[in-house]
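Residue numbers (our numbering): -10 to 196.
Written out below as structure tokens is the structure these notes cover.
So this is what it looks like as structure tokens:
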């Protein structure tokens, strides 16, 4: 194992099929040296540094260790949604160790993402990456208009202001919000607001 973690920031071979965004050195080492030894991989310490390489057609998968990155979850998910619009043939895996059902459900509904438990053993991780289960992809994802509504809420806008910005009647905004809360399986608007606040901070463990 290399002694200097910084030397492992980016790992490339002639070309690569798997990209990973993580700041967890040991996870990166395990994925590249044990799970996919000899295959074409690259490791990045941020989503921003990984995204340019995703334009290369040889890329087929992206693994995001979302808990180790410094950006808020919402910003990361926004970037991944934009990536899917450009390349809908890429399989995106988001690694989570949290047992927080609210958080997991929101991330699952944010896009065609596979949720990959950080608690899996290495053989199980390898199997999940090589044989993803389509059932994990939610067909009723959060649409763009509702995503923009969430973003506006995070910016501190009231529902009445959002109605003006989205040029929709106020009662329609209320209806869409209630439908979204129901789809997420949340019992109240307060629980929803707490959830999206947690998605908008850089350190969930501080809440």
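Virtual Cβ for every residue (Gly too), placed ideally from N, Cα, C.
In this text the structure is predicted, and so the values were computed from the model without any measurement.
Secondary structure at residue 97: helix, using DSSP grouped into helix, strand and coil.
Here residue 147 carries a coil assignment [DSSP, helix/strand/coil].
Of all alpha-carbon atoms in 84, 92, 139, the one lying nearest the alpha-carbon of residue 109 is that of 84.
With respect to residue 100, residue 66 sits close: the two C-beta atoms are nearer than 8 Å.
Counting every other CB atom within 10 Å of its CB across the protein chains shown gives residue 120 a total below 16, marking it as exposed. Between residue 166 and residue 175, the gap from beta carbon to beta carbon reaches 8 Å or more. Less than 8 Å separates the beta-carbon of residue 79 from that of residue 51. Judged by DSSP in its simplified three-state form, residue 79 adopts coil rather than helix or strand.
Per DSSP, residue 35 is not a residue of any beta strand (DSSP E), being assigned neither H nor E. Residue 122 carries a coil assignment under DSSP once its states are collapsed to helix, strand and coil.
Nearest Cα to residue 75 within the set 40, 56, 59: 40.
For residue 106, the closest C-alpha among the options 91, 82, 129, 98 is that of 82.
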